[in-house]
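Whatever position you read off the sequence shown (first residue = 1), add 1 for this note's numbering. Accompanying notes for the structure given below.
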Amino acid sequence: DAACQEAVDHGVCSASVIINILARSRDPAPAITLQTPDALRLTHEPVADCARYDRLRRAS
Numbered sequence: 002d003a004a005c006q007e008a009v010d011h012g013v014c015s016a017s018v019i020i021n022i023l024a025r026s027r028d029p030a031p032a033i034t035l036q037t038p039d040a041l042r043l044t045h046e047p048v049a050d051c052a053r054y055d056r057l058r059r060a061s
């Protein structure tokens, strides 16, 4: 009923709008926490280096 009322309040009366309102009002499922195996963990974290691209381009 609340979704229909919200649609009417906005001056829209279509099934797709009501379904969208219902979808937005649902609580999202809790995120699943996965344990990463040690073999997949980074040994050296990447560093942002914008000049690296230019150095690599000059070398070729």
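Glycine included, each C-beta is placed from N, C-alpha and C at the ideal position. Bear in mind that the values here come from a model prediction, so they are computed numbers and not experimental data.
Buried/exposed call for alanine 8, threshold 16 Cβ in 10 Å = buried
Please state whether the Cβ-Cβ distance between isoleucine 20 and cysteine 5 is less than 8 Å. no
| said: Can you give me the C-alpha to C-alpha distance between threonine 37 and aspartate 10, rounded to a whole angstrom? | reply: 48 Å
Ends of the alpha helix (DSSP H) at leucine 35? No alpha helix (DSSP H) contains leucine 35, which DSSP labels as neither H nor E.
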